[in-house]
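Residue numbers (the working numbering): 56 to 271. Glycine residues also receive a C-beta, built at the ideal position from the N, C-alpha and C atoms. Quick caveat, the model's predicted, so the values are computed rather than measured.
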């Protein structure tokens with residue numbers, strides 16, 4: 056397969072079947088945690104329509120430095136980051152077709168001066184589509200992580216995301232169950248608002264595991 060960013064040792068694709076499950080938050084937390092462990096880490100915000108990573112890292116006003124024809128990624132909280140969110144005006148919507156998205160992701164990989172990295176996290180758009188296919192064709196994805204919530208609808212969508220990993224021959228690192236129970240600050244009790252632990256059977260069905268259950 057092709058590799059347009061050979062200076063990166065591992066590419067981790069973070070996907071979710073639907074929006075609003077905490078995929079970008081999970082990506083940022085994983086990246087910062089790994090950076091604190093001494094790894095060289097980057098995030099490519101491939102969620103072209105809803106690039107949230109700059110806001111989560113507090114970098115919405117930061118402009119990337121241009122070197123020749125290429126861009127330097129923004130270093131924030133020990134993590135190298137590049138996103139469409141720092142390249143377009145805030146609040147501007149994108150009316151792009153699939154082919155343009157594919158080109159944008161390729162450019163975020165090839166036209167950004169990514170340093171040598173141990174891991175580059177790809178924060179994918181929700182769903183299963185062009186962005187995932189393009190990424191898998193442009194670089195060798197080491198593993199995929201699926202972010203889900205315990206609700207049935209979210210699980211159905213997550214199965215599609217896991218099916219997509221299989222179709223693209225991406226090894227599944229595991230499932231992260233977000234919004235898994237609510238810890239009440241007043242009495243310390245846990246309430247399963249959306250249910251809990253439902254991701255386990257799904258992960259097993261895909262010969263994988265639940266990496267974490269994150270309460271609300």
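Would you mind reading off the limits of the alpha helix (DSSP H) that contains residue i?
| i | result |
| --- | --- |
| residue 153 | 153-165 |
| residue 83 | 78-91 |
| residue 217 | 207-222 |
| residue 186 | 185-193 |
Residue i and residue j: beta carbons closer than 8 Å?
| i | j | result |
| --- | --- | --- |
| residue 106 | residue 131 | no |
| residue 198 | residue 225 | yes |
| residue 79 | residue 216 | no |
| residue 263 | residue 229 | yes |
| residue 166 | residue 125 | yes |
For the beta strand (DSSP E) that contains residue i, what are its first and last residues?
| i | result |
| --- | --- |
| residue 64 | 63-70 |
| residue 267 | 265-269 |
| residue 139 | No beta strand (DSSP E) contains residue 139, which DSSP labels as neither H nor E. |
| residue 232 | 227-233 |
Going straight from the alpha carbon of residue i to that of residue j, what length do you get?
| i | j | result |
| --- | --- | --- |
| residue 170 | residue 118 | 18 Å |
| residue 91 | residue 184 | 32 Å |
| residue 115 | residue 82 | 17 Å |
| residue 239 | residue 245 | 6 Å |
| residue 120 | residue 98 | 17 Å |
| residue 155 | residue 219 | 21 Å |
| residue 103 | residue 181 | 10 Å |
| residue 192 | residue 242 | 50 Å |
| residue 270 | residue 210 | 17 Å |
Please state whether DSSP places residue i in a helix, a strand or coil.
| i | result |
| --- | --- |
| residue 95 | coil |
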